[in-house]
């Protein structure tokens, strides 16, 4: 059954026929081109230091095929950007789910993070010159980019802690500080960094201290020291860099949107990005479920005299995976619809729900698929162990689960407490009136006995 | 914010303006009439044996008010029954959520189980005479009814185990056997039982052995022995009866639909009923969340020097409740839409997902609200403890979670295994071809060393 | 296999032969006398208001039998009280596990809360006159007692919030305030309350404001308004009372230990009491596991063609119950040993671990046993539903889980942080020295490439 | 506080003064030598293919230091092997906990798997010649060894599925088949494999088909193809090899114990090995908890205005870790004591409990420590990510959790069902007698009403 015929009934009204057709093209590409190419991609990366030189040639083949199939830059949301293929967040969300099943698919369609978010930022906030210089080659898939936000020495989940200094000096900004988890910075093709830092660290409004600059990756003073691993994976050639900035000088026209508006840009950037990540995670979970089912029906695995598919505990894993994946998908699509209806700022609750729930569900499903594979599950012979490690970072990236839960709980409490307290008080008073008007006393356990005593 | 403005964006296209208006009427009735009346209802039931005599007069007041407000019999689904108020399952689902917040609301609107399912059955399968005699007074809220399915001595989750015997004898059926958890049978107003039994116990098709009969509650030979408690609650005056049938004789025209079609009726009955139960459970969970928030802002509760609303663990409970309730609601509404699009048989997966997930989520939320209230939470001073006990039965009624998970897992495995195995095999073969055509070998850890050795 | 031969090997050195023999007597009494009597006890309580009059006569029979068997007052700990039967906390703990399997067993042996804690308090802190008047009849099982600590309007988990006022007036104290969850206050035999209140509310040391008084239950001004339910259970005739004190006057010689020492008494009282509660909860969990196994082998329950004992999910429940019950028991016994070695104050960590873990484990096991019984599990036909409701209060009584976790986490952090930070810093410095002395550089991913660039 | 003063009171009687002293020596070595050396060891392994050549020289330094400190071969259990340092399983268990905190410590003391289990096997079952040739250099730490059990094409959790063929041919056995997860086979120092295979595949007793042979690693026909990764880690130089055997010929005197006794050897080998693994896992969990506490007190991390140590959710993680680690330790030590008292066969239940519970607890604690570190937690900058990946395999090695739970549940059910069913039946009959002898009827809800009706 093609993906277009398998979407939840509740989402049907939000998906155009054009998007349904494209969805099937994406699915076919992922299943027939990208997934089979994944192990080739991994092999072409090589070993040792060679992993950081060049990039697997099969990626260029995949990009050509994707472009020929018309699946390119689908992520650019309809309501914000007229040059893209004009899909809504919910429509692209369904495609992103397919992309999430393969390690090569997203990049093949030029829909890989952090480029997607970076392109959106430049498209929305960039000047004509900035667009010409950076957006054009990014949209053509000729170069890649980095988004430099997280810093090693602070609690980055709270953006007001950012320390990288951007000092105005004549027509330039001078940057000093350090960043890590700069994903993509290991790749030779990565030519441009969007950097978050502080232009005005003493502004009393702590969310107006930050600005964003476009900084070419080869600017003098930028030093990429090392790459960070994710569990034992290095994610070469992409990589997650640890970088220092020492008197890095860029012209003032590198500024995005305006001084002090870094935080504003970041807020807008995160909404759709979280939808993409979440839908890809759901695709990964679906693929893990497929591997789980595949394993259950492996005719060589007959522990204790019956095939795995007759073991009740494993069938329960399949069922629970089915329920939780389906629930998660609806949570994300509902958030995407809310963004489509207006914007990310009005969908904070829905986005937070997706941000927290989806990675936890996906990790659980993948972990169970690993467990069902026994030792095979933790090694290179299935896509599962890498998928798990990769998705584990989603519970941390853009703020840990706990920060989002805390904000979600705090907001829910703040917004509703007055109304709820008033309502319960009013209901209790109405109850009291009812007792009185009916001439009744509230029935209490044992009251008769103790009344009699007095 | 009225309920009509608070529905998830993803469900908006499925709800008519007429239903939105009615939804607000229902919400207002629940919040302003039913909830305040709940403690009065409980008090009017009385103590000891008196609990099983008559019923609280406030229920009659509530029914009058509900009827006057035009909220009556909303459960009858649009596509199956033209005499009702013509709402879809998804529309009524949203109303049922409101009803689930109060112990009196459902009955007030003549939307209480098991009458709802019973009315649907008679409406769909009853003869004109059966409708005249039983459906009419049921729809008018003049009598109540029971659905007698579960038996004490067997595993009732598998309907083929049913033992109550229905023997044809001339123009009559003679019934012998016993039933329990016959909800509603404690109530003087309960006049009619729909009884499931076996007319043809030797039929080789074990799902054609069962039939359903309409049996007046006062038929000689029926003995209600006792009522069953639910965690100490007796649910008077409704009650859950334990009943024996000894040579109970009813005319053949008591038969519903046809001999051997009991199982077929039951399958159709369960789908919408599960939606109703699930949405009411969500309403209960929302109410528990309100009590949780109310408690967090109780100014008298300042343990260890700061108000409860500053305790991070409790805020996380609020957030997790928000996420899981919202996910559950979407799962149920998606199932309701699938039923609306066609019928319950085509929505087995979606209904099973709702059946399993919702009660677990609701119980967790309520349990945390109880915990946040301390000792107050387990006693009669909040609606929470009763709500918990009541909903705990949903993990058992109509089959325990484990039976549904097992079937869901088994079905998912059966339907998908061949396609999945073929796809993975094909992808692996494509990968092998790619390696070959590129003249590459798969990169394996340490392979160079061991190759060198040989 | 008798209980004495089934204790964990690790605890053997701590249990005397005398205690092992007594343990078997207790087990035999519980299995052969108390458990069979439980349903009779419940039936004798009666219905409606009669539940609060008198007490079941079978309790008197059980007490006679227990006393004749020499199992009486075993709870009084060896190291604090020479008149008792001289068992350690660990030895009595093993007996309490047996008592926890039945609703009548603890009282039968005069080992029921709150009398046990109250007797210990009077024994340790009472004057000769107080002992003569109250301890003697309590130890003889002639009267019962209450412990009045919790108040309705405050967060009682923090004792410094207590509000009941005890004002010195000449040779008397005048008490004003209210208490609830005064367990036992429903019973006609309850003659004496130990009351916690504030004699010195302005003392700058907020843990010296409290005192404890011995207050006869029939003192004028004491009004028991009503009983509180636990889920739907009233726990008659014992009951959990809601009580007000209005100008209740007691002589100064009612004081226990000294003014301002209420908190000190309470701390000492809680340690062993928590061990008792925890071990009884383990007994309840063991009994639930027995019912679960019994159910698995019910030959009439064959859902979907195979007996319950062949369903893998249910076998996993048995295994997980076995693991967690056994782990919990060791946690409690280890805490008991630590109390025995010195006192409760030195075992705060171990007691807190038991306090939090045991009820959660027991509730989980019982809930699964309920689930395996289907509808039968929630009603009066097994001991399970009542056991669950009863134990649910243990997650709240003497402070909710969250308060204990918070204190445990805070203490662990406070006591260890300096040592841990110093150690890790020292290890890192040693590592740096090793690199230096070996002339090595730390190997970092990709470092070679980026070094080459510079 | 040294480790010797920090053992649970309940275990004190089982630990000799000599062992306590040795425990402190081990702890000091781990904290001051091994942990600081861990990053050096990792760096010395090198990159790319070089990782499989030689081994880090710092390991030789550590071994010299350990030997000088007298901590060498402590694992050899007192009751089975007189040449070792004569510690019981419980005593060595406490030392193994310390070793588990470091990646280099176990090997430093010649206490690393799989050598420990292999040495035990040769010590117990080997001939004098076998001991001279293999045990001597193993005990001296001069060579290392492999244990070849798991096979790629079968469900190895059930040993009867083993397929590697060992065919008797004159004075030799000819081996054909394949093995994987042959841990240690990447190391140049690994000279000897203990191989499990089938000498008698048609034996009707399927647990007598297997034998074990001592096979030199350089025997012709053995091909190590590749190494398997664990979540991206290659565990070089040790490694987990995938190996084929093609007509590998060894003399008949390579046989251990006797033909058909492979399964018997394996059973004996697994018991103590599981204790060692479990205690090391507990050590890892303790170290993760230390890193968690260290992180909470990192003065640079102040998200949302307060230090991490003031965030209630994180304090709860510390407390829950404390409880579960302590419970796990007692479970393992109790199992060790049971082995010490007799042997592993009599401790199957206790060992299974430890096997299942400990890795789950350790993984949870480590995962939370990772989460508290944010992005730092998943990379090479803490020991946490590697520890997690390493321990994740314990839920699979020697059979997945599910196989152990299934066996544990099944055994508990089988051993107890008859006794439990008889007991409950007897209690119910005693209850019936009590009702009769007292002339009472069982009180049932609503019975009076329905009786009146009849």
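Protein chains in written order, with the UniProt record's numbering: chain A, 1 to 454; chain B, 1 to 454; chain C, 1 to 454; chain D, 1 to 454. Ideal placement from N, C-alpha and C gives every residue a C-beta, glycine not left out.
Residue 477(D) versus 261(D), 251(D), 236(D) and 306(D), residue with shortest Cα-Cα distance: Since the first and last residues shown for chain D are 1 and 454, residue 477(D) lies out of range.
Cβ contact check for the region 241-252 of chain C and the region 225-232 of chain C: 3 or more pairs under 8 Å: yes
Neighbourhood of residue 166(A) by C-beta distance below 7 Å, restricted to the same chain and skipping five residues each side: 173, 175, 197, 198, 199, 211 and 213
Runs of beta strand (DSSP E) lying entirely within the region 189-246 of chain C, each at least 3 residues, in chain order: 190-198, 210-216 and 222-227
Every unbroken alpha helix (DSSP H) inside the region 18-89 of chain B [4 residues or more]: 35-45 and 57-68
The region 402-418 of chain D: positions lying closer than 7 Å to chain C by Cβ: 405, 406, 408, 409, 410, 412, 413, 416 and 417
Neighbouring residues, chain D, relative to residue 400(A) (Cβ below 7 Å): 371 and 374
Selected residue, minimal CA-CA separation from residue 45(D), among 115(D), 32(D), 273(D) and 104(D): 104(D)
Residue from 5(B), 39(B) and 57(B) whose Cα sits closest to the Cα of residue 27(B): Nearest C-alpha to residue 27(B): 5(B).
With 16 other Cβ atoms within 10 Å as the buried cut-off, status of residue 74(C): buried
Extent of the continuous alpha helix (DSSP H) run through residue 331(C): Residue 331(C) -> alpha helix (DSSP H) spans 312-341.
Residue-level contact to chain C via CB, residue 278(D), 8 Å cutoff: no
7 Å CB neighbourhood of residue 338(B) in its chain, flanking five on each side removed: 346, 347 and 350
Test: residue 334(D) CB closer than 8 Å to a CB of chain C: yes
Straight-line Cα distance separating residue 229(B) from residue 251(B): 33 Å
Per-residue contacts from residue 301(A) into chain D (C-beta, under 8 Å): 154 and 155
Between the CA atoms of residue 97(B) and residue 38(B) - distance to the nearest angstrom: Between residue 38(B) and residue 97(B), the C-alpha separation is close to 17 Å.
Alpha-carbon spacing of residue 292(B) relative to residue 322(B), whole angstroms: Taking the CA atoms as reference points, residue 292(B) sits about 12 Å from residue 322(B).
Neighbour list for residue 230(D) in chain B, Cβ cutoff strictly below 9 Å: Those do not exist, as residue 230(D) stays about 11 Å from chain B at its closest Cβ, beyond 9 Å.
Collapsed DSSP secondary structure at residue 185(C) in the structure displayed: coil
Residues near residue 66(D) in its chain [Cβ-Cβ closer than 7 Å; skip 5 each side]: The residues 29, 72, 108 and 109, in chain order, have a CB closer than 7 Å to that of residue 66(D) in the same chain once the five nearest residues on each side in sequence are set aside.
Start-end ranges of the alpha helix (DSSP H) lying completely within the region 344-387 of chain C, minimum 4 residues: 348-373 and 375-378
Partner residues on chain D for residue 356(C), Cβ-Cβ distance less than 7 Å: 323
Extent of the continuous alpha helix (DSSP H) run through residue 435(C): DSSP places residue 435(C) inside the alpha helix (DSSP H), whose first and last residues are 401-438.
Run of the alpha helix (DSSP H) containing residue 124(C), from where it starts to where it stops: Residues 115-125.
Spatial distance of residue 368(C) from residue 370(A) (CA atoms): 27 Å
Same chain only: Cβ atoms within 7 Å of residue 281(C), ignoring 5 sequence neighbours per side: 100, 358, 359, 362, 391 and 394
Cβ neighbours of residue 41(C) in the same chain (closer than 6 Å, five flanking residues each side left out): 56, 58 and 104
Closer than 8 Å at the beta carbon, the chain D residues around residue 263(C): Chain D residues near residue 263(C): none, gap ~23 Å exceeds 8 Å.
Those residues which DSSP pairs with residue 173(D) across a bridge: 168(D) and 250(D)
Simplified DSSP state of residue 260(A), which is helix, strand or coil: coil
Residues that residue 353(B) contacts on chain A, provided the C-beta gap is smaller than 8 Å: 322, 323, 326 and 327
For residue 178(A): DSSP bridge partner residues: 244(A)
Cβ-based burial, residue 247(B) [other Cβ within 10 Å; buried from 16]: exposed
Contacts of residue 389(D) in chain B (Cβ-Cβ under 9 Å): Within chain B, no residue comes near residue 389(D); the closest Cβ sits about 15 Å away, beyond 9 Å.
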